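**Q** Residues 1 to 300 in the working numbering are what the sequence shown spells out, letter by letter. Ideal placement from N, C-alpha and C gives every residue a C-beta, glycine not left out. Note that the structure is predicted; figures quoted are calculated from it, not measured. Can you keep this structure in mind? I'll have questions shortly.
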Amino acid sequence: MIIDSPPEKITEKILLLGRRESCLYMVNDNDEYTMLGGGTGYIIPEVIEQLDKFGIPEEKINRMIILHSHFDHCGLIPFFKKRWPWAVISASERAKSLLSNPKITQSIDQLNQFLIENYGREEEARHLGIEFPGIEVEQVLSDGDVVMCGDMHLEILEVPGHSSCSIAVYIPEERALFASDAGGIPFGDDVFTAANSNIDQYMASLDKMGKHEVDIFLAEHFGARKWAEGRKFLQKAKASAVETRKLLEASYARTRSIEQSSNELTDLLMKNKPVNFFPKEVISLVVSQMLAYISKNMDS
Numbered sequence: 001m002i003i004d005s006p007p008e009k010i011t012e013k014i015l016l017l018g019r020r021e022s023c024l025y026m027v028n029d030n031d032e033y034t035m036l037g038g039g040t041g042y043i044i045p046e047v048i049e050q051l052d053k054f055g056i057p058e059e060k061i062n063r064m065i066i067l068h069s070h071f072d073h074c075g076l077i078p079f080f081k082k083r084w085p086w087a088v089i090s091a092s093e094r095a096k097s098l099l100s101n102p103k104i105t106q107s108i109d110q111l112n113q114f115l116i117e118n119y120g121r122e123e124e125a126r127h128l129g130i131e132f133p134g135i136e137v138e139q140v141l142s143d144g145d146v147v148m149c150g151d152m153h154l155e156i157l158e159v160p161g162h163s164s165c166s167i168a169v170y171i172p173e174e175r176a177l178f179a180s181d182a183g184g185i186p187f188g189d190d191v192f193t194a195a196n197s198n199i200d201q202y203m204a205s206l207d208k209m210g211k212h213e214v215d216i217f218l219a220e221h222f223g224a225r226k227w228a229e230g231r232k233f234l235q236k237a238k239a240s241a242v243e244t245r246k247l248l249e250a251s252y253a254r255t256r257s258i259e260q261s262s263n264e265l266t267d268l269l270m271k272n273k274p275v276n277f278f279p280k281e282v283i284s285l286v287v288s289q290m291l292a293y294i295s296k297n298m299d300s
C-alpha cells in the first residue's frame, strides 16, 4: 500500500502531514505527540490546517526530531518552535553543528524563501511570520539512543550517506522506520538512490536499517509504503544503489568527466522520472555529488 496524499492516517498512532513532495509525520501514544521531519516553509499553512482537521492538541506536542539538516527537511522548524516553545528540538550532533553555521542557515533561509515565492505564498508567509532565523538543537541524538513518546520507543539509528548528519527513527511497536532520504526516495515503483554525501556509507546504512523488521517505510518525499511495499522498500533501495553505482563507475571510467557523466546519467534518469518528481536541476545536482565521490575513489 502506498500512502502519499497528506493528510492521511498511516496507523492509529502515525499521521502523515504536509504535501506529497514534502512530508512529515506526527506520532502519538498516551496523549503525547512527537513530530518527525522538518519539511519546508511553504507547507506551513497546510500543516496548521491538518493539525486542526485531526484535532491534534498542539500543547501536547513535546518534541520535534530533525532527521537531517538539508533545507527541505528543517524549513518549518523555527516557525513551530515559536508556536510551541516547550517542544524540544532534537537532531544528530553533526546536524547541530551544521545548523549553527551562519552560512548554512542563510542558505537554508534563501532556499525556503525561493520555494515560498515559487508556490506563490508570499502573502501567507508575511501574515504568519514565516522565516528561517536558524535552529538551536536542544537535544543531541546518537546511535542507540531511545526517546519515548508515551509508551512507544523511538530508537535512533545513525545512517550517514545521503548526508553526513542523517539519522533514522525506528518504532518497534509499529514496525515503522522513518528514514527520511537515507533510505532512498520513492521513484514511482522504484527507488531513487540519493547518496549525495558518500555512497559507501549510504549502502552500509541501508544494510543497517535492513536488520530491523519493517512493515512501514516512511519517507519525507512522496509518502509512506505500508505492508508489502513497506517490507520490500529497503531491498529495492539496495538493488537500486548497486545498479546506480555501476552506472556511475562505468560512465566516469569512460568519460573521466563529472560534468559529462552527470549530463548523460541525468538524461537517462529523466526518461523514467515519475510525474511530479524532482526537476532536472535537482536530479543533476544529486548525480554530480555522487560522481564527485566516485571520481575521488577511482582517481586515487
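(1) Below 8 Å on the Cβ atoms is my guess for L286 versus A224; work out the distance and round it to an integer in Å.
(2) Which same chain residues end up closer than 7 Å to L157 when comparing Cβ atoms and leaving out the 5 residues on each side of it in sequence?
(3) Report the residue from P85, L177, R83 whose alpha carbon sits nearest the alpha carbon of L67.
(4) Can you tell me whether DSSP reads L36 as helix, strand or coil?
(5) Hey, G18 and G39 are a contact pair by Cβ (cut 8 Å); roughly how many whole angstroms apart?
(6) Quick one: measure Cβ to Cβ for H162 and Y202, integer angstroms, because I've assumed they're closer than 8 Å.
(7) For a quick check, are the C-beta atoms of I61 and Y33 less than 8 Å apart?
(8) Measure the beta-carbon distance from F71 to S107 and round it to whole angstroms, keeping in mind my assumption that it falls under 8 Å.
(9) If you check the beta carbons only, do Y252 and I283 fall under 8 Å apart?
(10) Please name the residue or residues paired with Y25 in a DSSP beta bridge.
(11) Taking just the CA atoms, how far does V137 sit from I65?
(12) With a threshold of 16 other CB atoms inside 10 Å of the CB of M152, please say whether the residue is buried or exposed.
(13) Tell me whether F114 sits in a helix, a strand or coil according to DSSP, three-state version.
(14) Would you check if the distance between the CB atom of F192 and the CB atom of G183 is smaller than 8 Å?
(15) Kindly indicate which three-state DSSP category E8 falls into: helix, strand or coil?
(16) Give the C-beta separation of M1 and K226 to the nearest angstrom, bearing in mind that I take them to be a contact with Cβ-Cβ under 8 Å.
(17) Could you pull out every residue in the same chain whose Cβ sits closer than 6 Å to the Cβ of I130, ignoring the five residues on either side in sequence?
(18) Taking 8 Å as the CB-CB cut-off, is A292 touching chain B?
(19) Label M298 either buried or exposed according to how many other C-beta atoms from any shown protein chain fall within 10 Å of its C-beta, with 16 as the threshold for buried.
(20) Where does the unbroken beta strand (DSSP E) through L154 begin, and where does it stop?
(21) Tell me which same chain residues have a C-beta within less than 6 Å of the C-beta of C149, skipping the five on either side of it?
(22) Could you check the C-alpha separation between I258 and T11 for me, to the nearest Å?
(23) Alpha carbons only, please: which of M290, F222, S180, F217 is nearest the one belonging to K232?
(24) List the whole-angstrom C-beta distance separating V147 from R94, where the pair is believed to meet the contact cut-off of C-beta under 8 Å.
(25) Just to confirm my understanding: we take G330, look at its own chain, exclude 5 residues before and 5 after, and list those with CB closer than 6 Å. What are they?
(26) With 16 as the cutoff for other CB atoms within 10 Å, does F114 come out buried or exposed?
(27) For I65, which residues does DSSP report across the bridge?
(28) Indicate the three-state DSSP secondary structure (helix, strand or coil) for P57 in the structure shown.
(29) Which runs of the alpha helix (DSSP H), 4 residues or longer, sit entirely within the segment 242-290?
**A** Looking at the atomic coordinates:
(1) Reading the sequence as shown, one finds Val at residue 286 and not Leu. About 22 Å separates the Cβ atoms of V286 and A224, ruling out a contact at the 8 Å cut-off.
(2) Result list for L157: D143, I167, A168, Y170, K208, M209, in chain order.
(3) Ranking the options by Cα distance to L67, first place goes to L177.
(4) Here L36 carries a strand assignment [DSSP, helix/strand/coil].
(5) Yes, G18 and G39 are in contact; Cβ-Cβ is about 5 Å, under 8 Å.
(6) Confirmed, about 6 Å.
(7) In contact: I61 and Y33 (Cβ atoms closer than 8 Å).
(8) That belief holds up - the Cβ atoms of F71 and S107 are roughly 7 Å apart, short of 8 Å.
(9) Contact flag unset, no.
(10) When DSSP reads this structure, Y25 sits in a beta bridge with L16, L36.
(11) Near 9 Å, if we compare the C-alpha coordinates of V137 and I65.
(12) M152 comes out buried.
(13) Three-state DSSP puts F114 in a helix.
(14) No, Cβ-Cβ distance for F192 and G183 is not below 8 Å.
(15) Strand, per DSSP.
(16) Confirmed, about 4 Å.
(17) Closer than 6 Å at the Cβ level, and outside the excluded window around I130, lie G41, I44, F79.
(18) Within the model displayed, chain B is absent; a lone protein chain is all it includes.
(19) Counting the other CB atoms within 10 Å of its CB gives M298 a total below 16, which places it among the exposed residues.
(20) Boundaries of the beta strand (DSSP E) around L154: 152-158.
(21) Within the same chain, V27, D29, E32, T34 come within 6 Å of C149 by CB-CB distance, once the 5 residues on both sides are set aside.
(22) For I258 and T11, the distance between alpha carbons rounds to 44 Å.
(23) Measuring from the Cα of K232, the nearest candidate turns out to be F217.
(24) Contact between V147 and R94 does not hold, since their C-beta atoms are separated by about 18 Å, which reaches or exceeds 8 Å.
(25) Only positions 1 to 300 of the chain appear in this structure, which leaves residue 330 out of reach.
(26) So F114 ends up on the exposed side.
(27) Residue pairing of I65 in beta bridges, as defined by DSSP: L36, S90.
(28) It is coil, neither helix nor strand.
(29) Complete alpha helix (DSSP H) runs here, min 4: 258-271.
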